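Okay, structure first, notes after.
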Amino acid sequence: MQVYLSDLTELITWTCSRCDDLTEGFEMIELVVDVEHCLQGFVGIAKDLNAIVIAFRGTQGNSIMNWIEDLYWKQLDLDYPGMPDAMVHHGFYCAYHETTVRSGILHAVKRAKKLYGDINIMITGHSMGGAMAAFCALDLAVNQKIQNVQVMTFGQPRIGNTAFASYYSQLVPNTIRVTNDHDIVPHLPPYYPYLTQKTYHHFPREVWLYDDGFGTLVYPVEKVCDDSGEDPTCSRSVVGNSISDHLAYYGIELGSMVPGTCRIVMDPRVWLITVRKILLETSSCTEILQLLL
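Going left to right, the sequence shown walks through residues 223 to 515 as the working numbering numbers them.
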């Protein structure tokens with residue numbers, strides 16, 4: 223997924239190794255980077271889909287093990303504004319709502335709509351980026367009064383309780399959560415059905431990818447799950463214990479296992495002509511900025 227790139231030059235000019243084939247001709251509207259919190263996303267136009275695309279980067283490879291371990295212990299500790307009984311984890315919520323990401327994304331969406339009109343908005347993200355995509359979709363639907371929002375996430379963790387999942391499914395019904403075989407992250411934070419509102423609960427609709435058959439007669443399956451969000455015949459029917467399944471969807475490697483990928487890289491010649499397309503927030507972490515000469 224292109225949003226994982228740390229080389230902003232390749233993203234802005236759409237010249238990365240993955241920026242061709244089905245995504246060829248994609249127009250970047252704005253790249254949003256919160257350096258302090260190592261968060262990144264972009265807004266662009268997929269002309270073949272006639273849609274605004276918002277993509278969020280997930281957890282980087284050098285910190286993913288610690289992040290997954292932390293997922294086991296994340297508590298429901300924040301009441302979601304305007305939704306009675308709905309609770310989420312503040313870390314998931316704040317990654318979108320209390321960093322520079324939200325303002326950057328909303329600014330870019332306004333620019334895109336001014337240029338292309340009231341076309342569909344498609345939001346995507348992998349891993350932690352999937353959680354941010356969900357909060358972004360709610361923000362657009364509830365606070366910005368935008369109705370034509372579609373969401374597709376990959377390997378997304380649970381982000382709220384049953385009440386939150388119910389509200390979300392009503393407000394953003396065009397949502398698909400893709401899960402891959404034994405991917406560990408969609409199983410976290412843990413789901414305890416006997417705790418009702420005190421447990422995390424996925425919103426629908428899950429599409430579970432897995433292989434069926436045996437020997438040389440193995441074939442891929444895409445199972446569309448029920449509307450509960452916690453279909454016991456889908457990913458919940460297997461043990462979620464695989465990080466490798468988390469890092470590859472539809473045969474495409476997502477993320478990076480290279481240490482230090484929070485570094486921001488930019489060719490200054492491209493910076494001069496694209497600065498209006500980049501919202502870059504720096505604070506005490508400016509030492510991770512690097513310009514190519």
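We treat Cβ as the ideally placed atom computed from N, Cα and C, and that holds for glycine. Please read these numbers as outputs of a predicted model, since none were measured by experiment.
Burial check for tyrosine 441: the Cβ neighbour count within 10 Å stays below 16, so the residue is exposed. Remark: C-beta atoms of glutamine 419 and aspartate 292 do not approach each other more closely than 8 Å.
The shortest CA-to-CA distance from cysteine 316 to any of Gly304, Gly326, His329, Leu300 is the one to Leu300. In the assembly as shown, valine 400 is a buried residue. Its beta-carbon has 16 or more other beta-carbons within 10 Å. Where histidine 348 is concerned, the enclosing beta strand (DSSP E) starts and stops at 342-348.
Within the same chain, Cβ atoms closer than 6 Å to the Cβ of methionine 374 are found at Thr346, Ile398, the five residues on either side in sequence being excluded. Serine 457 sits close to glutamate 428, with the two beta carbons spaced by under 8 Å. Our two residues, tyrosine 338 and phenylalanine 357, have alpha carbons roughly 24 Å apart in a direct line. If only uninterrupted alpha helix (DSSP H) runs of at least 4 residues are considered, those enclosed by the segment 316-388 are 322-338, 350-360. Distances from the alpha-carbon of threonine 281 to those of Asn463, Ser349, Asp340, Thr384 put Ser349 closest.
When only Cα atoms are considered, glycine 351 and valine 446 end up about 22 Å apart. Counting the other Cβ atoms within 10 Å of the Cβ of lysine 367 gives fewer than 16, which makes it exposed. Around the C-beta of tryptophan 295, fewer than 16 other C-beta atoms lie within 10 Å, and the residue is accordingly described as exposed. Exposure of glycine 435 is indicated by the presence of fewer than 16 other C-beta atoms within 10 angstroms of its C-beta.
A straight line joining the alpha-carbon of aspartate 449 with that of glycine 304 spans about 23 Å. Relative to the Cα of leucine 393, the nearest Cα in the group Ala359, Pro379, Asn383, Lys336 belongs to Ala359. C-alpha of glutamate 249 to C-alpha of glycine 266: approximately 5 Å in a straight line. For methionine 287, the enclosing alpha helix (DSSP H) has its first and last residue at 286-293. Between glycine 462 and histidine 409, the C-beta spacing is below 8 Å.
Between the beta-carbon of leucine 328 and that of isoleucine 343 there is about 12 Å, and that puts the pair past the 8 Å contact cut.
In the same chain as tyrosine 471, and ignoring 5 residues on each side of it, the C-beta atoms closer than 6 Å to its own belong to Phe376, Asn402, in chain order. When DSSP reads this structure, serine 464 sits in a beta bridge with Asp405. Counting along the chain, the unbroken beta strand (DSSP E) around tyrosine 432 starts and ends at 428-436. Contact between tyrosine 422 and asparagine 383 holds: CB atoms are separated by about 6 Å, below the 8 Å threshold.
For arginine 279, the three-state secondary structure derived from DSSP is coil. Selection Ile286, Val275, Ile341 evaluated against isoleucine 251 yields Val275 as nearest (Cα-Cα).
Here histidine 311 is near glutamine 297, since their CB atoms are less than 8 Å apart.
The C-beta distance from isoleucine 381 to isoleucine 465 rounds to 20 Å, too long to fall under 8 Å, and the pair is not in contact.
Listed in chain order, the non-local C-beta contacts of arginine 333 below 7 Å within the same chain comprise Ile251, Glu252, local neighbours out to five positions each way being set aside. In terms of CA proximity to proline 426, Tyr390 leads the group Tyr390, Gly437, Asp433, Val254. By the beta-carbon neighbour count (other beta carbons within 10 angstroms, threshold 16), methionine 287 is exposed.
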